[in-house]
Amino acid sequence: QHLDVGQFLELNQQGTGLVVRDVATNKHLVLQWEPAQSTWTFALYPLDEGKTRLVSRNRLRSTGAMFWPTMIALMEPGSLLMERKMLLGIKERAEHLAFERHLSDNRVA
């Protein structure tokens with residue numbers, strides 16, 4: 106999938122979505138929630154032995170003193186489960202793709 110800075114990614118029929126704020130192939134993807142000013146960043150960090158760590162970070166803009174306690178109580182349990190499942194799915198697809206490429210490289214050689 107190709108993404109461009111400024112591209113809007115619609116999440117539902119109500120028009121809620123994310124705007125691509127920055128993207129660097131094989132490095133990071135920064136998305137901004139619309140209409141809120143919160144961001145969701147995915148970053149890749151190379152590790153030893155050809156491995157890579159994928160880190161997901163959320164930054165939310167506070168709208169008042171009760172924002173954080175309310176947000177954590179309402180969103181965090183479901184968000185943790187959803188995000189973990191999403192990251193494990195990305196991991197599974199990336200490992201499968203790496204395995205397929207390895208097989209393909211060995212067939213050509």
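Residues in the sequence shown are numbered from 106 upward in steps of one, following my numbering. Glycine residues also receive a C-beta, built at the ideal position from the N, C-alpha and C atoms. Please read all numbers here as calculations on a predicted model, not as lab measurements.
- In the DSSP assignment, E115 falls within the unbroken beta strand (DSSP E) covering F113 to E115.
- Under the DSSP assignment, G122 falls in the beta strand (DSSP E) whose first and last residues are G122 to A129.
- Leaving aside the five residues that flank L192 on each side, the residues in its chain whose CB is nearer than 7 Å to its CB run, in chain order, L159 and S161.
- Around the beta carbon of V110, fewer than 16 other beta carbons lie within 10 angstroms, which makes this residue exposed.
- The shortest C-alpha to C-alpha distance from V125 to any of S143, N117, Q118 and F204 is the one to S143.
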